[in-house]
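If you're matching positions, the sequence shown starts at 193 in my numbering and goes up one per residue.
Built from N, CA and C at the ideal position, the CB exists for glycine as well.
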Amino acid sequence: MSDERADRARTREFFGARAAGWDAKFPDDGPRYAAAIAELAPGDGAFVVDAGCGTGRALPLLRAAVGPRGTVLGVDLTPEMLARAAAHRDTAALLLADCARLPLPDAVVDLVFGAGLIAHLPGPAAGLRELARVTRPGGRLALYHPIGRAALAARHGRALTPDDLRAEPNLRPLLAANGWRLTAYTDAEDRFLAVAERPPAAGQDRQR
Ligand SMILES: C[S@@+](CC[C@H](N)C(=O)[O-])C[C@H]1O[C@@H](n2cnc3c(N)ncnc32)[C@H](O)[C@@H]1O
Numbered sequence: 193m194s195d196e197r198a199d200r201a202r203t204r205e206f207f208g209a210r211a212a213g214w215d216a217k218f219p220d221d222g223p224r225y226a227a228a229i230a231e232l233a234p235g236d237g238a239f240v241v242d243a244g245c246g247t248g249r250a251l252p253l254l255r256a257a258v259g260p261r262g263t264v265l266g267v268d269l270t271p272e273m274l275a276r277a278a279a280h281r282d283t284a285a286l287l288l289a290d291c292a293r294l295p296l297p298d299a300v301v302d303l304v305f306g307a308g309l310i311a312h313l314p315g316p317a318a319g320l321r322e323l324a325r326v327t328r329p330g331g332r333l334a335l336y337h338p339i340g341r342a343a344l345a346a347r348h349g350r351a352l353t354p355d356d357l358r359a360e361p362n363l364r365p366l367l368a369a370n371g372w373r374l375t376a377y378t379d380a381e382d383r384f385l386a387v388a389e390r391p392p393a394a395g396q397d398r399q400r
């Protein structure tokens with residue numbers, strides 16, 4: 193089995209076993225997701241991808257944010273997670289796929305919402321590059337978690353180390369090398385939110 197296939201199999205095994213209990217494990221996160229999505233304000237008619245949508249708990253909030261003219265696409269690699277997300281299929285289209293290989297054209301997405309995603313991407317650089325490919329110039333990527341890095345490390349019983357992918361000094365260059373410019377970064381006890389923008393295509397800001 194190739195490394196890539198083995199990584200995907202490990203992700204599916206890990207999250208497949210957790211799908212049934214996922215929503216019950218984090219019953220109080222809803223208002224935090226709602227606040228983050230309200231702040232991101234993708235806007236009426238926007239095309240939003242929930243990358244690594246899991247059980248789909250953000251999908252109704254994203255639908256409310258883009259309205260009936262918008263598009264919400266939930267993507268996840270783990271069938272058991274996506275099966276749970278099917279409960280929200282009146283709010284979003286669902287796709288069983290790897291975020292690093294999306295069957296989407298270039299530059300069509302306005303906002304990629306990635307909650308709890310980046311630490312689980314076996315190759316974060318390739319995943320970020322693919323998300324950049326499908327996002328239009330000026331479109332955004334939001335890397336979100338309903339608790340901050342320190343609280344998350346404590347929850348997992350580990351110390352926060354300087355090599356943490358989501359630490360700003362690591363994340364900023366990782367994003368920059370893969371098609372994104374970090375524009376906002378919050379790491380508080382009750383939220384992690386890093387927002388990056390897809391820079392305008394060369395010469396675009398001079399065009400009228
Ligand atoms: C920590 S869970 C977060 C789920 C959901 N976003 C939430 O906030 O509840 C991470 C999810 O990302 C999915 N995932 C991990 N790697 C992925 C990849 N390469 N492509 C698509 N989904 C992926 C997992 O299957 C899992 O459902």
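Cut-off 7 Å between Cβ atoms - residues of its own chain near residue i, not counting five sequence neighbours on either side
{"i": "R400", "result": "At R400 the pLDDT is 36, less than 50, meaning the model places this residue with poor confidence and gives no usable figure here."}
{"i": "A345", "result": "A351, L352"}
{"i": "L274", "result": "D268, L286, L288"}
{"i": "D195", "result": "none"}
Contacts around residue i, its chain only, beta-carbon distance under 6 Å, and the 5 residues preceding and following it disregarded
{"i": "A212", "result": "none"}
{"i": "A289", "result": "V267"}
Cross-strand partners of residue i (DSSP beta bridge)
{"i": "E389", "result": "R332, R373"}
{"i": "R383", "result": "A380"}
{"i": "L303", "result": "V240, R332"}
{"i": "A311", "result": "Answer is none; A311 lacks a bridge partner."}
{"i": "L288", "result": "D268"}
{"i": "H337", "result": "F384"}
{"i": "T327", "result": "V301"}
{"i": "T263", "result": "F239"}
CB contact flag (residue i, residue j, <8 Å)
{"i": "V387", "j": "A376", "result": "yes"}
{"i": "A250", "j": "Y225", "result": "yes"}
{"i": "R261", "j": "D236", "result": "yes"}
{"i": "D302", "j": "P234", "result": "yes"}
{"i": "E389", "j": "R364", "result": "no"}
{"i": "L320", "j": "L385", "result": "no"}
{"i": "L269", "j": "R200", "result": "yes"}
{"i": "A216", "j": "G246", "result": "no"}
{"i": "G248", "j": "A198", "result": "no"}
{"i": "L357", "j": "P316", "result": "yes"}
Residue from the options whose Cα sits closest to the Cα of residue i
{"i": "L254", "options": "L286, F305, A201", "result": "F305"}
{"i": "H280", "options": "R261, R373, A256, A299", "result": "A256"}
{"i": "A351", "options": "A342, D215, A292, R358", "result": "A342"}
{"i": "G330", "options": "P271, P391, T378, P219", "result": "P391"}
{"i": "F239", "options": "L274, I339, V326", "result": "V326"}
{"i": "A230", "options": "A393, V258, P314", "result": "V258"}
{"i": "D382", "options": "D221, E205, F206, T203", "result": "D221"}
Cut-off 8 Å between Cβ atoms - residues of its own chain near residue i, not counting five sequence neighbours on either side
{"i": "D355", "result": "N362"}
{"i": "E322", "result": "C291, A292, R293, L294"}
{"i": "R347", "result": "I339"}
{"i": "A393", "result": "P329"}
{"i": "P271", "result": "R204, G208, L288"}
(Q) Would the segment 326-337 count as touching the segment 303-318 if we require 3 or more Cβ pairs under 8 Å? (A) Short answer: they touch.
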